[in-house]
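See structure below.
Residue numbers (my numbering): 22 to 476.
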């Protein structure tokens with residue numbers, strides 16, 4: 022793992038204004054060397070100025086120790102170095118002060134102004150000292166040497182620390198920017214991982230809901246008809262053997278159709294799960310077998326979950342490509358309910374045409390579930406099924422009249438989970454349609470749905 026900016030800043034804490042103890046020790050050592058240097062240079066300064074040597078030494082110690090605050094107040098250090106330049110003191114302090122000033126995050130105009138003052142101050146002092154040495158005869162060079170020595174000395178003491186400080190400051194700011202970008206990228210990756218987990222969980226929940234809805238639609242209708250036929254078979258078994266045989270045959274047909282639809286749906290789900298590479302990550306994360314590829318903690322869970330969601334999406338897409346009921350089977354559906362003893366009328370308005378597979382499946386399932394609810398809750402009630410083909414939509418309505426009291430009492434034996442209307446609403450709204458259900462004024466029940474026509 023890389024060291025982020027927050028970890029770098031929290032690496033350690035030093036005394037006072039220092040971030041680390043190492044920095045405090047370094048500044049203390051530099052201040053001590055600078056104080057000793059200024060104290061040694063204070064001796065000739067005191068002799069030239071005609072003051073006691075002890076005063077020059079103490080002055081040099083105090084002036085040199087200012088280097089201790091170079092990180093806190095770099096401007097003060099540079100100003101003190103400029104101030105003691107005429108006494109030919111503080112060369113180390115001037116160099117380190119300029120370096121610290123250039124490396125700090127100060128406005129460039131302030132750095133340029135103080136660097137210029139240090140440059141011209143050093144140049145003037147050097148010019149005067151060299152000229153005095155030549156006047157005393159200590160130097161026998163030509164007059165050209167005075168400005169040359171002044172310029173080169175001032176540039177040598179000012180330019181290198183200034184340029185080095187600017188470079189170190191720019192590099193420090195660049196590293197800080199890179200650390201902040203690394204922190205930002207790490208937070209974004211964590212956020213993406215969390216969102217991927219949320220999307221995968223949402224996809225799993227949606228797929229579970231879809232499978233439960235399909236199972237409910239397939240099983241509830243067929244089994245409800247089988248229960249109705251079985252009750253009729255029990256009632257007429259001794260009185261009318263021929264009708265009993267016919268009802269038994271219908272029960273067998275219903276059971277075979279239910280098994281066929283379940284087998285097709287489960288086959289679609291299994292074949293859809295074989296496409297994406299889901300099993301390998303799942304085995305690596307759950308079995309813990311030796312040699313299994315390790316996955317990172319950020320990406321392992323989302324990838325496996327997204328793989329499962331991809332399998333579910335593949336199964337849903339295959340189911341939507343035609344492997345399901347269609348409106349052409351609507352008459353057979355109504356006939357099965359009529360064979361079970363329901364008085365049901367089917368009316369179709371408009372010109373019949375083909376629609377997208379998911380539209381036809383949804384329309385078929387709505388009618389199927391509505392008829393199943395009539396078998397469960399209003400057995401024996403007369404039912405009207407209306408289907409309307411419109412220009413840009415398809416509408417369907419299933420309405421039953423109030424059931425006879427005896428038939429209603431006999432329907433109490435059919436269980437109900439309360440998910441039929443919810444499943445129909447989810448199917449219709451998923452396609453951008455409108456679903457309405459509720460009791461009628463006459464005491465019956467009405468289910469209406471309108472689905473946009475997608476050819």
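Yeah, the Cβ is synthetic: ideal placement off N, Cα and C, and Gly gets one too.
All values derive from a computational prediction rather than experimental measurement.
Apart from sequence neighbours up to five positions away, the residues of its chain that approach residue 409 with a beta-carbon distance below 6 Å are 370, 371 and 416, ordered along the chain. Pairing residue 406 with residue 442 gives a Cβ-Cβ distance that is not under 7 Å. When the Cα atoms are used, residue 263 and residue 459 turn out to be separated by approximately 40 Å. With fewer than 16 other beta carbons inside 10 angstroms of its own, residue 375 counts as exposed. Distance from the CA atom of residue 467 to the CA atom of residue 270, rounded to whole angstroms, is 31 Å. Measuring C-alpha to C-alpha distances from residue 246 to each of 278, 139 and 199 identifies 278 as the nearest. By the neighbour-count definition (other C-beta atoms within 10 Å, threshold 16), residue 55 is a buried residue. The three-state reading of DSSP puts residue 87 in helix, counting H, G and I together. The alpha carbon of residue 463 has as its nearest neighbour, out of 421, 87, 52 and 106, the alpha carbon of 421. The residues 77 and 108, in chain order, have a CB closer than 6 Å to that of residue 66 in the same chain once the five nearest residues on each side in sequence are set aside. Sequence-distant partners of residue 156 (beyond 5 residues in either direction) whose C-beta falls short of 8 Å from its own C-beta are missing from its chain. Per DSSP, residue 458 is one residue of the beta strand (DSSP E) stretching across 455 to 460. Boundaries of the beta strand (DSSP E) harbouring residue 414: 414 to 421, taken from the DSSP string. Residue 116 carries a helical assignment under DSSP once its states are collapsed to helix, strand and coil.
Every beta strand (DSSP E) stretch that sits fully inside the stretch 352 to 399 and reaches 3 residues is listed by chain position as 365 to 370. For the 7 Å CB-CB criterion, residue 101 and residue 87 form a contact.
The residue from 165, 450, 364 and 373 with its alpha-carbon nearest to that of residue 387 is 450.
Nearest to residue 168 by C-alpha distance, out of 146, 187, 183 and 34, is 146. Annotated three-state conformation of residue 473 is strand, per DSSP.
Listed in chain order, the non-local C-beta contacts of residue 276 below 8 Å within the same chain comprise 243 and 247, local neighbours out to five positions each way being set aside. Just so you know, the alpha carbons of residue 475 and residue 452 end up roughly 10 Å apart. Per DSSP, reduced to three states, the secondary structure at residue 243 is helical. Checking the DSSP bridge columns, you'll see residue 100 has no partner listed. Here DSSP, grouped into helix, strand and coil, assigns residue 467 to strand.
Beta bridge pairing from DSSP links residue 407 with 368 and 418. Under the three-state reduction of DSSP, residue 36 is assigned to coil, being neither helix nor strand. Residue 204 sits in a helix when the DSSP states are folded into three classes.
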